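Trainee: Counting with mature numbering (1 follows the signal peptide of the UniProt record, and there is no 0), you get residues -15 to -1, 1 to 57 for the letters of the sequence shown. All C-beta atoms in this analysis are idealised placements derived from N, C-alpha and C, irrespective of residue type, glycine included. All figures in this text were calculated on a predicted structure; none of them were measured in a lab.
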Amino acid sequence: MEVFVVVLLIFVTTGDRTLVQVALARECGSPSHKFHGMCTRDSNCANIWLTEGFKTGKCVGIRHRCFCYKNC
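1) Helix, strand or coil for LEU(-8)? Go by DSSP, reduced to three states.
2) Between which two residues does the alpha helix (DSSP H) holding SER17 run?
3) Would you mind stating whether HIS56 and LYS43 have Cβ atoms separated by less than 8 Å?
4) For CYS13, collect the residues of the same chain with a Cβ closer than 8 Å to its Cβ; drop the 5 residues on either side in sequence, then sort them by chain order.
5) Who are the near neighbours of TRP34 in its chain, counting only those whose CB is closer than 6 Å to its CB and skipping five residues on each side?
Following this line, the structure appears as structure tokens:
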């Protein structure tokens, strides 16, 4: 019984570390080089960041610029 509890604790702690590492993944943002003008909808920005090789993107800021994001 004690061995089972120790193995279970090791399994639970190992699983938690993996989840923490995934949650700590950083995303780096960059303004789009191909999108020109005011970004009013994220879907407009999405058409551009896909062609620039990024994972995601959205309209941000007061100036409504299209920013592209990917894992660092």
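Mentor: Quick answer:
1) The count along the sequence shown starts at 1 and reaches residue -8 at position 8. With a pLDDT of only 48 at LEU(-8), under the threshold of 50, the placement of this residue in the model should not be trusted, and no figure is reported.
2) Numbered from 1 along the sequence shown, position 32 holds the residue referred to as residue 17. It is not in any alpha helix (DSSP H) - SER17 carries neither H nor E in the DSSP assignment.
3) Locating residue 56 in the sequence shown gives position 71, counting from the first residue. Locating residue 43 in the sequence shown gives position 58, counting from the first residue. Here residue 56 turns out to be Asn, not His, going by the sequence shown. Against a cut-off of 8 Å, the Cβ pair of LYS43 and ASN56 comes out as no contact.
4) Working through the sequence shown from its first residue, we reach residue 13 at position 28. Around CYS13: TYR54, LYS55, ASN56, CYS57.
5) Along the sequence shown, one-based indexing puts residue 34 at 49. Only GLY42, CYS53 meet the Cβ criterion.
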